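Input: a single structure, listed below in structure tokens.
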Amino acid sequence: MDSEHNPSEYVVCFLGGSEKGLELFRLELDKYIQGLKNNMSCEERGLENHVKSYLSSWFEDVVCPIQRVVLLFQEQLTFLLHAALSYTPVEVKESDEKTKRDINRFLSVASLQGLIHEGTMTSLCMAMTEEQHKSVVIDCSSSQPQFYNAGSNRFCEDWMQAFLNGAEGGNPFLFRQVLENFKLKAIQDTNNLKRFIRQAEMNHYALFKCYMFLKNCGSGDILLKIVKVEHEEMPETKNVVAVLEEFMKEAPAQSF
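Read left to right, the sequence shown gives residues 0 to 255 (the numbering used here).
Shown next as structure tokens:
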């Protein structure tokens, strides 16, 4: 083979303790290697040092951001989880680039993007922005970040505690698994609500089941918004959602 017309090919191996742990970061690792390819020049001079420097930080850059965010925010992590779940815009102020990058990475991974219909996600983003008129602001000018315009619910508070419990072990792979479980539970609850709502279109008892589910799941405020924008063009479902919204307004705020 003529090496001048066939560029060299390389195999990059990441050692992270277990294949299962690394599999959680497959997309991030693919992107990381793409970054390496984009930065490699044809000149051999200094290339080896550049590659060594880039690859030496893969664990810190790919695996550890979620752990750093958990340790930074502690109990305040509930606000970040709520923002990710509700597609509320987040603005980070007075932060160094690494911290801002970590926060954005956490929000991206914690969102349901790719797990619900893209049109629903876009509509929900617009609805949340119009409804709140404000982004969640994180001020990192002091040692303890301050949140403004932030929301929370019982679901996010419970999962925040799961993250803090995981922090005791210090395993960065565990945080990503907890985050995946967080999203899985949110999707399961969303699908259950959709099923109850379809039943409620023909059955008043099912409507009561919808209400009780929203009351007890801990994230009724967000789930109802997701279903509302997803079924905006379906009159029967829209009517059920409107009734549930009235029930939720009348119920004590702490129930949700």
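Here a beta-carbon is modelled for each residue, glycine too, at the ideal position from N, C-alpha and C. Values in this document were obtained by computation on a predicted structure and should not be read as measured data.
Item to check | Rounded C-alpha distance that separates leucine 79 from valine 69 | outcome: On the sequence shown, residue 79 is found 80 positions in, with the first residue counted as 1. On the sequence shown, residue 69 is found 70 positions in, with the first residue counted as 1. Roughly 10 Å between the two C-alpha positions.
Checklist entry - If you draw a straight line from the alpha carbon of phenylalanine 174 to that of glycine 219, how long is it in whole angstroms? => result As a first step, residue 174 is located in the sequence shown; it is residue number 175 there, counting from the start. As a first step, residue 219 is located in the sequence shown; it is residue number 220 there, counting from the start. Taking the straight line from one Cα to the other gives about 25 Å.
Checklist entry - Going by other Cβ atoms of all chains shown within 10 Å of its Cβ, with 16 needed for buried, is lysine 133 buried or exposed? => result By 1-based counting over the sequence shown, the position of residue 133 is 134. Lysine 133 is exposed by the Cβ-count criterion.
Item to check | Identity of the residue in Leu54, Phe58 and Asp138 nearest leucine 21 by Cα | outcome: Looking up residue 21 in the sequence shown gives position 22. Of the candidates Leu54, Phe58 and Asp138, the one whose C-alpha sits nearest the C-alpha of leucine 21 is Phe58.
Checklist entry - If you draw a straight line from the alpha carbon of cysteine 209 to that of aspartate 188, how long is it in whole angstroms? => result Stepping through the sequence shown from its first residue, residue 209 is reached at position 210. Stepping through the sequence shown from its first residue, residue 188 is reached at position 189. For cysteine 209 and aspartate 188, the distance between alpha carbons rounds to 11 Å.
Checklist entry - Cα-Cα, which of Ala241, Glu235, Met211 and Pro234 is closest to lysine 224? => result Along the sequence shown, one-based indexing puts residue 224 at 225. Nearest of Ala241, Glu235, Met211 and Pro234 to lysine 224, Cα basis: Ala241.
Next on the checklist: Check whether the segment 105 to 113 and the segment 178 to 187 touch, using three or more Cβ-Cβ pairs below 8 Å as the test.
Outcome noted: yes
Next on the checklist: Can you tell me whether lysine 227 is buried or exposed? The criterion is at least 16 other CB atoms within 10 Å of its CB, across all chains shown.
Outcome noted: Residue numbering aside, residue 227 sits at position 228 when the sequence shown is read from its first letter. By the Cβ-count criterion, lysine 227 is buried, with 16 or more other Cβ atoms from all chains shown falling within 10 Å of its own Cβ.
Checklist entry - What span of residues does the alpha helix (DSSP H) with glutamate 156 cover, start to end? => result Here residue 156 corresponds to residue number 157 of the sequence shown, with the count starting at 1. First-last of the alpha helix (DSSP H) with glutamate 156: 153 to 166.
Checklist entry - Roughly how many angstroms separate the alpha carbons of phenylalanine 259 and asparagine 37, rounded to a whole number? => result Residue 259 lies beyond the stretch modelled for the chain, which goes from 0 to 255, so this question has no answer here.
Checklist entry - When burial is assigned at 16 or more other CB atoms within 10 Å of the CB, is serine 85 buried or exposed? => result Position 86 of the sequence shown, counted from the start, is the residue given in the question as residue 85. With 16 or more other Cβ atoms within 10 Å, it is buried.
Item to check | Three-way DSSP call (helix, strand, coil) for valine 226 in this model | outcome: Position 227 of the sequence shown, counted from the start, is the residue given in the question as residue 226. The answer is helix: DSSP assigns valine 226 an H, G or I state.
Item to check | Where the alpha helix (DSSP H) containing lysine 193 begins and where it ends | outcome: Residue mapping note: residue 193 aligns to position 194 of the sequence shown, counting from 1. Residues 171 to 199.
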